Amino acid sequence: MTRRGARLWSIAIAALLTGCGGNAGGDAPRVSPSPQPRSASTQLVVVGDSLAAGRFADTQDQAFPQLVAAATRSRLDVLGVPGATTAQLAAGALPSRGDDVVVEAGTNDFLFQTPRARFADDYRALLAKVTAASPGAKLVCLTTWVPKDVASRPAAKIPVSFYDATIRRACTDGAVANLSPLTDARGPAGRPTFLGPGDDFHPNSSGHAAIARLIESRLR
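Residues -24 to -1, 1 to 196 in mature numbering (1 follows the signal peptide of the UniProt record, and there is no 0) are what the sequence shown lists, from first letter to last.
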């Protein structure tokens, strides 16, 4: 990578991380569970980054964790940390006792360009911790959410395809949900959402709905 290419990539990633939450280890809160249906008998656990936190659906009820919980009539426990890498998610306390578990991680590893071997180790460690916290649960692993115009930027030394392939290889005990065909469901930037003005990187409400339907198909 040339020095100029590296600088342009750094600028682009800084702009994206502003929307993704940037400081993952700082003040990003755990997402509070939504009101639960009285008849819910199963628990849905979602562990992830800014997508799991609901960015940028119009309302929290339109975020994919809440949509899946409503469709499956499950209680919901979400850990959504904007800007978090896989290692940062694994380092914290995780929700437990899930009957169904969704792991949404790796996007920020692409943006930060986590080295290949480290990401493979980090992702396996996260899955091990998640499954230990919810033994016997159905597991769904989501691939990264990286729109094509971001993935094709030439200064990315490690392609997004590596991170997605690593997720697929690691998730042998679960089902993989491929988000790459859905990434056009985003924007426009500046639209009002429950988390402030939306951007053109994260999924909009239509994108979250598509993610939810894909997860539901993997849980059947």
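Note that CB positions come from ideal geometry on N, CA and C, so glycine has one too.
Owing to the predicted nature of the structure, the values given are computational and were not obtained by experimental measurement.
Are the CB atoms of residue j and residue i within a distance shorter than 8 Å?
i	j	result
Ala96	Gly24	no
Ile191	Val77	no
Thr107	Asp140	no
Gly30	Leu171	yes
Ala131	Leu158	no
Asp175	Phe86	no
Thr48	Leu20	yes
Roughly how many whole angstroms lie between the Cα atoms of residue i and residue j?
i	j	result
Lys133	Lys124	16 Å
Ala188	Ala93	30 Å
Phe177	Thr61	17 Å
Ala113	Thr35	28 Å
Ala45	Ala39	10 Å
Phe138	Leu70	26 Å
Arg194	Asn154	11 Å
Leu103	Leu55	14 Å
Val152	Ala67	23 Å
Asp98	Ser182	30 Å
Leu115	Leu52	15 Å
Cys147	Thr169	32 Å
Pro135	Arg144	15 Å
Asp3	Ala101	Because Asp3 carries a pLDDT of 40, less than 50, the predicted location of this residue cannot be relied on, and no value is offered for it.
Pro164	Val126	16 Å
Thr142	Ser72	24 Å
Val22	Cys117	10 Å
Ser128	Thr90	17 Å
Pro173	Leu43	21 Å
Asp37	Lys105	27 Å
Ser156	Phe88	19 Å
Let me know if residue i comes out buried or exposed under the rule of 16 or more other beta-carbons within 10 Å of its beta-carbon.
i	result
Asp160	exposed
Ser110	buried
Pro179	buried
Asp149	exposed
Ala28	buried
Gly166	exposed
Ser26	buried
Arg196	exposed
Arg162	buried
Pro41	buried
Pro58	buried
Going by CA-CA distance only, name the one from the options that's closest to residue i.
i	options	result
Ser17	Asp37, Ala33, Gln42 and Ser50	Ser50
Ala63	Ser72, Thr83, Thr48 and Ala47	Thr83
Trp121	Val21, His184 and Val22	His184
Considering only heavy atoms of the ligand NAP, does any lie closer than 7 Å to the CB of residue i?
i	result
Arg92	Questions concerning the ligand NAP fall outside what the structure shown contains, since it holds no ligand whatsoever.
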